[in-house]
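Asker: Keeping their order, the protein sequence lines are chains Y and D.
Just so we're aligned, residue 659 is where the first sequence starts under this note's numbering, counting upward by one.
Just so we're aligned, residue 10 is where the second sequence starts under this note's numbering, counting upward by one.
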Amino acid sequence: MEQSPCSQTSKTMQEPQELVEETVTVEEDPGTPTSHVSVVTSDDGTIRRTETKVTKVVKTVTTRTVRQVPLGPDGLPAEGSSPAGSCTDSIDRRYMKNGDRYITPQANSTLTRAYNNYPDACENRHEMYRSYTGQDGFTDVSDNYGSLSRGVHYRPRYAYMPRDNYRLDESYTLLNRNKYAVAQPQVQPDGSVDLNRSQPERFQPEPYGLEDDHRSLGPDDDGYELDGEPEPDYSTVGRRAPTRANGRRSRRGYDDPIEAEIIEDRIPYLTGVYNAPLAQPERGSMASLDRLGRRSPSIDSIRKDPRWRDPDLPEVIAMLGHHLDPVKSNAAAYLQHLCYENDKIKKEVRQLKGIPVLVGLLDHPKPDVHRRACGALRNISYGKDHDSKVAIKNCDGIPALVRLLRKTNDMEVRELITGTLWNLSSYEPLKIVIINHGLQTLTNEVIIPHSGWENEPNEDSKPRDAEWTTVFKNTSGCLRNVSSDGSDARRRLRECEGLVDALLHALQSAVGKKDMDRKSVENCVCIMRNLSYQVHREVPGADKFREPAADQTGTGNSQKKKKDDSGCFGGKKAKGKRNVDADKNFDTLDLPKRIEPVKGYELLYQPDVVRLYLSLLTESRNYNTLEAAAGALQNLSAGQWTWSSYIRSTVRKEKGLPILVELLRSDSDKVVRAVAIALRNLSVDGRNKDLIGNYAMHDLVSNLTGGQQRPAKNLEEDTIVAILNTIHEIITDSSSNARSLIQAQGIEKLVAINKSSQSVREMKAAAHVLQTVWSYKELRNALHKDGWNKSHFQPNVTTLPKGSKSSGKATGYDDSTLPLIERNQKDGNKWPGEMIPMEQFGPDTYSTLDQREKERKCKTSDVSGDAFERQPLRNDTNKRNINRINRASVNLVDAHDTKPQPVDSWV
Amino acid sequence: MAFVAGQPVTAVVQRIEIRKLRHGDNLILGFSIGGGIDQDPAQNPYSEDKTDKGIYVTRVSEGGPAEVAGLQIGDKIMQVNGWDMTMVTHDQARKRLTKKNEDVVRLLVTRKSLQQAIRQSLH
């Protein structure tokens, strides 16, 4: 079972996590007017300037807080984490929008900003609202709002919200007023509760303002992440897909209401805007906000019209081509703002051919221009609407981004570029494009330098630790996504010079520093997991390491085996014998001595990595990381080549089995599942099987639902099936393990599942285990004593047939876990083309890939991610079983030929 | 269970007493053994150490005296009525177990689960 990389991991990348604040200067105001700038210190400590135009409006600056994180991936998906984060974010925002929401701290935060804006600012904002009908209306509004929210995104929305909103939130209004009244400059003063709350929040983590921008990003993220599971993680794999389906919706559910409102509001607004946007709104320039002071908002107004208005979208896009660079950059910044979380605007930008213009600006020599263009592209690239991503790609945006990455040393720009690429990488068809144009650059420019790895270390220099920068996080997220794009992608990444070395170095640094919970670490582990998938097939020269047994597949048949079995050690055990022999080999096997240091992809499967993964499994509290690390071990222990044998015995020797068993108690469904499958692969090694049977049985069984008692955690069907299959694996050919199962009170639960599970797959898997238990005649006495009889061990007749059908309908992966019998039946149907290659080798089956995104797509459920993995597993399992049988028979034959059969005497 | 010839073996053992059952002219114990110093130890599926040439229980007949007494498949027989079984040929072991003049055999056996239980408790 290898897990393939999940893009899983990768895909999901977007995380809510960090918010980056960006200040965007949005609009320029026309007029040259003199504006008064007032400086407000916000709680954050940032100084904002508000310019009040008396006569003319200078600029409107919107400060948005962007969350970088989410973006990273396409927004898509960073499977896990992002969702959560994003969710929050989005929610907050929304809250803010509605007066009600105020309660939320975040909302407050917004407010604060608002504060920053002066009253004047407020007015300005109103202007911003533009469409807002008239100034009059605004006025009122403005008071209430207090420029607050608007600072960022809000405004537009607010604008729409109109009075109702205002009124609705009484508190809201009040607060604002208070704020204004009290201290414009300082937010806090009022002491209004809301305000206070908000303030702190805002500032601290994320500036709201930023959020806006980020949010724009964020939203997408949210979408992605949110969709998914509530859980933060996302495993590498497939999750995302599932997530999207479910999660998003749910979140959307959230958002929707709000958004809907917004949209409605906006629409009128928008229309208005287009028609005659702004005139008034601009008065107060919101702008003043640049927090960092980076930008000076003021721009020459394009028109000198007495009345200001916001430019409409075509105008903004036209401004991207303005001969003055500041106009270009402001237009781009405004676009970024407009696109934030607004799929409709993104679509319009696309339709108005704004994307090629933005991409063109990436090559602009002025940092301000390419930075803003990149910011706009990042927001545009975020979200589930893949058309925007494709549009960026179609005008050669990917090579342009990569080119800019090579050129710029500006950290912010690099973050934007890698964030955009992360977003783009969430869309399947773009993955290979990113690999083709950016893999080596991303590796050389970001991964290697930030990982601390040095190709030819200077003897004088100390080994460096990884720097967990946002750029590194974004880039690793992007690579995580692209690493799930199938075998070609995996090959490219494995062979990318320095990539594997640097990722391992970074992970080792994380382990050394006990800093294993961050997103970057998760991304790295997910990449490693994906690259470990199918190594035994895909690595150059893998044939040399193939274990002979694999070749014997197909020889012999089960009947023959049975007869031959009767060696002195007894029939049943004959199968076990094969394992025994193998074990012996493993134990005596010396790892190949290397003269040259190992490097590149060979590092993936060196037994040394076992310790790294085990450290992560021991120390990390990030479920995605745990899942990915277990998945990596799962992938490495799959397959029938010498290295997987080493890995299996190394896990044992490094005392990894107890660590894995411990994780069976994890609260995370995905972790339990990955660990269960890993244990199954590891038990291919006979000694591991004995140990796992003895030590893990109780924990495996306790994860099962059964009898009256439900397990503390509610595990998904796939997980239950995986556990059942693992149990089946470890009791196969081992009556002592079957006895352990009985002693762990497993029979009761299995019988209950077999009899009354709601899931056909669970039922089948349980039936399969029971049949195996019953096949040990020596155990029957004990079973009878416990009150069981043969009927308890029969498959549930009524359900089975139905089950098989249903399983057929279900996406292929279901099968993975199924017992052999069913699998055989199903084999025909299920595995899609991808699987084919794997099938050749029995053992491989185990591997799980994250990647299977494609398959996922078909699937609706969140399971999909896992499913991917599973599929491979299934296949593997089937084959593997076959192989095993074959091998056993083969072995017997060999024994006859070469050595005397062992003697077995009855006494 | 690794051991060096000539050195004392330390193992966690269980004492099992089996009363033979008369089956026609034969007294039976109801289990079968494999292993011995004249056998290929690598083919022993029960041993942890694949060079272990000890005597192992390979089958236990259902409802037979050995099963009733608690003998399990995979048990390694250390002693039979005080006689060492760790360095004997297969046939010597068989004969030691099937003395016609003994109705009861007392075995010292060890098994993985015992070893592990101890190891666990030590941790």
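Glycine included, each C-beta is placed from N, C-alpha and C at the ideal position.
1. Please compile the residues from chain D whose C-beta is within a distance smaller than 7 Å of the C-beta of residue 1435 of chain Y.
2. Do we get a CB-CB distance below 9 Å when we pair residue 1306 of chain Y with the residues of chain D?
3. Distance cutoff 9 Å, beta carbons only. Does residue 1446 of chain Y sit that close to anything in chain D?
4. Using a 10 Å radius around the Cβ and a threshold of 16 neighbouring Cβ atoms, would you call residue 1148 of chain Y buried or exposed?
5. Give me the subset of the region 1259-1287 of chain Y whose CB atoms are less than 7 Å from a CB atom of chain D, sorted by chain position.
6. Pairing CB atoms from the region 1083-1093 of chain Y with CB atoms from the region 1136-1144 of chain Y, are three or more of them under 8 Å?
7. Sort D:75, D:111, D:81, D:102 by Cα distance to residue 88 of chain D and report the nearest one.
8. What's the gap between the Cα of residue 1160 of chain Y and the Cα of residue 1110 of chain Y?
9. Measuring straight from C-alpha to C-alpha, what distance separates residue 1040 of chain Y and residue 1422 of chain Y?
10. Quick one: using the 10 Å Cβ neighbour count with 16 as the cut-off for buried, is residue 1121 of chain Y buried or exposed?
11. Taking three-plus beta-carbon pairs below 8 Å as touching, is the region 1426-1433 of chain Y in contact with the region 104-124 of chain D?
12. Taking CB distances under 9 Å as the criterion, tell me whether residue 1344 of chain Y reaches chain D.
13. Determine contact between the region 48-68 of chain D and the region 23-37 of chain D, defined as no fewer than three beta-carbon pairs at a distance below 8 Å.
14. If you measure from the beta carbon of residue 1438 of chain Y to each beta carbon in chain D, is any gap under 9 Å?
15. Residue 1130 of chain Y to residue 122 of chain D, Cα distance in whole Å?
16. Cα-Cα, which of Y:1451, Y:1128, Y:1333 is closest to residue 1282 of chain Y?
17. Give the secondary structure of residue 76 of chain D by DSSP, where H, G and I count as helix, E and B as strand, and everything else as coil.
18. List the residues that DSSP assigns as beta-bridge partners of residue 1022 of chain Y.
19. For a test of the three-state rule: what should DSSP assign to residue 1111 of chain Y, helix, strand or coil?
20. Would you say the region 1371-1379 of chain Y touches the region 1343-1355 of chain Y, given that touching needs at least three Cβ pairs under 8 Å?
21. With burial defined as no fewer than 16 other Cβ atoms inside 10 Å of the residue's Cβ, what is the status of residue 127 of chain D: buried or exposed?
22. Per DSSP, what kind of secondary structure is residue 1030 of chain Y in: helix, strand or coil?
23. With 9 Å as the threshold, decide whether the Cβ of residue 31 of chain D is near any Cβ in chain Y.
24. Can you tell me where the beta strand (DSSP E) with residue 87 of chain D in it begins and where it stops?
25. Determine which residues share a DSSP beta bridge with residue 35 of chain D and list them.
26. Going straight from the alpha carbon of residue 1383 of chain Y to that of residue 1427 of chain Y, what length do you get?
27. Whose C-beta lies closer than 8 Å to the C-beta of residue 1146 of chain Y among residues of the same chain, with five residues either side of it excluded?
28. Determine whether the Cβ of residue 1441 of chain Y lies closer than 9 Å to any Cβ atom of chain D.
29. From the DSSP secondary-structure annotation, give me the bridge partner or partners of residue 115 of chain D.
30. Could you tell me whether the Cβ of residue 117 of chain D comes closer than 9 Å to any Cβ of chain Y?
31. Relative to the C-alpha of residue 1568 of chain Y, which residue among Y:1362, Y:1355, Y:1361 is closest?
32. What does residue 88 of chain D reach in chain Y if we use C-beta pairs closer than 7 Å?
33. What is the DSSP secondary structure of residue 1281 of chain Y, counted as helix, strand or coil?
34. Looking only at its chain, what residues have a beta carbon closer than 8 Å to the beta carbon of residue 74 of chain D, apart from the 5 residues adjacent to it on each side?
35. Can you give me the start and stop residues for the alpha helix (DSSP H) that residue 1308 of chain Y sits inside?
36. Contact defined as beta carbons within less than 8 Å: I believe residue 48 of chain D pairs with residue 1561 of chain Y. What is the distance between those atoms, to the nearest angstrom?
Answerer: In this structure, then:
1. Simply 71.
2. No, residue 1306 of chain Y does not count as interfacial toward chain D.
3. Not an interface residue.
4. Buried, by the Cβ-count rule.
5. Those would be none; no residue qualifies.
6. Touching, yes, given that three or more Cβ pairs across the two stretches are closer than 8 Å.
7. Cα-wise, what sits closest to residue 88 of chain D is D:102.
8. Cα-Cα distance, rounded: 7 Å.
9. If you draw a straight line from the Cα of residue 1040 of chain Y to the Cα of residue 1422 of chain Y, it comes to about 42 Å.
10. It is exposed - the Cβ of residue 1121 of chain Y has fewer than 16 other Cβ atoms within 10 Å.
11. As far as the Cβ criterion goes, the region 1426-1433 of chain Y does not touch the region 104-124 of chain D, which means the pair count is below three.
12. Under the Cβ criterion of 9 Å, residue 1344 of chain Y is counted among the residues facing chain D.
13. The region 48-68 of chain D, when compared against the region 23-37 of chain D, does not touch it at the 8 Å Cβ threshold.
14. At least one C-beta of chain D is nearer than 9 Å to the C-beta of residue 1438 of chain Y.
15. Approximately 49 Å between the Cα atoms of the pair.
16. It is Y:1333.
17. It is helical.
18. In DSSP, residue 1022 of chain Y forms no bridge with anything.
19. For residue 1111 of chain Y, the secondary structure class from DSSP, reduced to helix, strand or coil, is coil.
20. As far as the Cβ criterion goes, the region 1371-1379 of chain Y does not touch the region 1343-1355 of chain Y, which means the pair count is below three.
21. So residue 127 of chain D counts as exposed.
22. Helix, per DSSP.
23. When Cβ-Cβ separations below 9 Å define contact, residue 31 of chain D makes no contact with chain Y.
24. Element bounds for residue 87 of chain D: 85-89.
25. Note: residue 35 of chain D sits in a beta bridge opposite D:32.
26. Rounded to the nearest angstrom, the two C-alpha atoms are 8 Å apart.
27. For residue 1146 of chain Y, where only same-chain residues beyond five positions count, the Cβ hits under 8 Å are 1090.
28. Judged by the 9 Å Cβ criterion, residue 1441 of chain Y is not in contact with chain D.
29. DSSP lists D:26 as partners of residue 115 of chain D.
30. So, not an interface residue.
31. Within the shown structure, residues of chain Y are numbered from 659 to 1565, placing residue 1568 of chain Y beyond reach of any answer.
32. Under the 7 Å cutoff, chain Y gives no residues; its nearest Cβ is about 15 Å from residue 88 of chain D.
33. Reduced to three states, the DSSP call for residue 1281 of chain Y is helix.
34. So the qualifying residues of the chain are 27, 28, 29, 30, 37, 38, 39.
35. Run containing residue 1308 of chain Y: 1300-1311, per the alpha helix (DSSP H) assignment.
36. With a Cβ gap of about 6 Å, residue 48 of chain D and residue 1561 of chain Y count as contacting.
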